[in-house]
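Colleague:
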Amino acid sequence: MYRAGHSTKTALLEVFNPVFSATTDKKLTVLVGLDISSAFDTIDHNILLGRLHGEFGVTGTALAWLQSYISNRSQFVKLGRHSSAPVSCTSGVPQGSVLGPILFAAYTSLIGDLIRSFGVHHHQFADDTQVHLALRSSDIQKGLTLLADCTATVKQWYLVNGLLLNANKSEAICLGTSSQLCAATDSVISLPVSEEIRLLGVIIDRRLTFESHISGVVKSCNYHLRALQHIRHLLPFSTAQTLACSLILSRLDYCNAVLYGCSAGAIGRLQRVQNYAVRVGMRHHSHCYSR
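Residue numbers (the numbering used here): 2 to 292.
#1: So for Ile44, helix, strand or coil by DSSP?
#2: Within its chain, find whatever has a CB closer than 6 Å to the CB of Val218; leave out the 5 residues flanking it on each side and keep chain order.
#3: Do Val203 and Val132 come within 8 Å of each other at the CB atom, strictly closer than that value?
#4: With a cut-off of 8 Å on the beta carbons, I'd call Val31 and Leu200 a contact; round off their distance for me.
#5: May I ask you to report which of helix, strand or coil DSSP gives Gly34?
#6: Express the C-alpha separation of Met283 and Lys156 in angstroms, rounding to a whole number.
#7: Rounded to a whole number of angstroms, what is the C-alpha to C-alpha distance between Asp114 and Arg270?
#8: Check whether the stretch 151–171 and the stretch 62–72 are in contact - that is, three or more C-beta pairs closer than 8 Å.
#9: DSSP three-state call for Val59: helix, strand or coil?
#10: Going along the chain, which residues of its own chain have a beta-carbon closer than 7 Å to the beta-carbon of His54, five neighbours each way excluded?
#11: May I ask you to report which of helix, strand or coil DSSP gives Cys263?
#12: Taking the CB atoms as reference points, tell me whether Val182 and Arg207 lie closer together than 8 Å.
#13: How about Cys263 and Thr210: do their beta carbons lie closer than 8 Å?
#14: Buried or exposed for His123, please, with buried defined as at least 16 other CB atoms from any protein chain shown within 10 angstroms of its CB.
#15: Per DSSP, what kind of secondary structure is Phe126 in: helix, strand or coil?
#16: Identify, in the order they occur along the chain, each residue of the same chain with its Cβ nearer than 7 Å to the Cβ of Leu244, setting aside the five sequence neighbours on each side.
#17: In three-state terms, what does DSSP make of Arg284?
#18: Kindly indicate the opening and closing residues of the beta strand (DSSP E) around Arg199.
#19: In the DSSP assignment, what are the bridge partners of Leu64?
#20: In whole angstroms, what is the alpha-carbon distance linking Cys256 and Asp128?
#21: Give me the Cα-Cα distance between Leu49 and Leu35, rounded to the nearest whole angstrom.
#22: Is the beta carbon of Ala267 closer than 8 Å to that of Glu212?
#23: Would you kindly check if the distance between the Cβ of Ala153 and the Cβ of Gln125 is under 8 Å?
#24: Let's see if you can read the secondary structure: which residues bound the alpha helix (DSSP H) around Arg74?
#25: For Asp26, which three-state DSSP category applies?
#26: Starting from Ser180, follow the alpha helix (DSSP H) in both directions and report where the run begins and ends.
#27: Less than 8 Å between the CB atoms is what I'm expecting for Ile141 and Val94, so what's the real figure, rounded?
#28: What did DSSP end up calling Ser92 once you bin it into helix, strand or coil?
#29: With Ala1 as the anchor, note down where its beta strand (DSSP E) starts and where it stops.
#30: Which one of Leu260, Thr109 and Val121 has the shortest CA to CA distance from Ser216?
#31: For Thr24, I'd like the list of residues in its chain whose CB is within less than 6 Å of its CB, leaving aside the five on either flank, ordered along the chain.
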């Protein structure tokens, strides 16, 4: 469930901790990532207010304030000096707001009970939902069928509540060692089975090597570093430092806690990027090396 101040790093660690524990216990983990199309735009206001009142006990002034917050909104498209006619927003909550993710989490709060009724584990972060189940080799067929039934029921719940799963972005992946993966049977899962999936901006591969994720980070950082290098001689040190931190170091730091246990070679690739960033940033500022 989404919580205010709940970082993506913490969310990913909560997903990966049972996966690594299952691998140690010689179990295969099947993880299904569910993505909702235009999630924040399709929330039914009446259902949301009813859920806030019935499930969370919001009443009186607080409920009236929330009703006022989501009601009587309009939107329009503006291009230059031209604007379209305003259109009333009869559904949805404002994206990019503090309350938006919290209201969405309240709206979909019942999905947790539904998933748990199948004996399947899950994790929710705003509009991203993952269901996962650890399986022994002898239980793989039964477990995959259970996951297929669970995802089908979740999909139906979303439809009843005005939400639609994005079939193009909802997919499954089997996580484990090579021997555990060989025992998996993918054909019974109702979602596409992938070699890797993207979860909260991190690319996850079947054997949890994170090689594809690291390659993506390195490629992105090198692109920005080459651009920064071209204009470095025009920038004061403080500006170059700010750009390096915002464009490069922020990418290296993003959810890097999940890389614990990766090979020395993989970590070394990230270290070389960081060294490159330091060299570019310190160019024409050699007195800083005197320490």
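C-beta: ideal position from N, C-alpha, C; glycine also.
Modeller: Taking the definition as stated:
#1: Correct three-state label for Ile44: coil.
#2: Arg252
#3: Cβ distance not < 8 Å, so Val132 and Val203 don't count as in contact.
#4: Not confirmed; about 14 Å, so no contact.
#5: strand
#6: 53 Å
#7: 42 Å
#8: Short answer: they don't touch.
#9: coil
#10: Thr60 and Leu64
#11: coil
#12: Before going further, note that residue 182 is Leu rather than Val in the sequence given. A contact, by the Cβ cut-off of 8 Å.
#13: yes
#14: buried
#15: strand
#16: Leu229
#17: DSSP places Arg284 outside both helix and strand once states are collapsed to three, so it counts as coil.
#18: Glu197 to Leu200
#19: The partner list for Leu64 (beta bridge, DSSP) is empty, contrary to what the question assumes.
#20: 19 Å
#21: 21 Å
#22: yes
#23: no
#24: Premise fails: Arg74 lies in the beta strand (DSSP E), Arg74 to Gln76, not in any alpha helix (DSSP H).
#25: coil
#26: Ser179 to Cys183
#27: Between Val94 and Ile141 the Cβ distance is about 40 Å, and since that is not below 8 Å, they are no contact.
#28: Ser92: strand per DSSP, three-state reduction.
#29: Given that the chain is displayed from residue 2 to residue 292, the structure contains no residue 1 and the question cannot be resolved.
#30: Leu260
#31: Gly177
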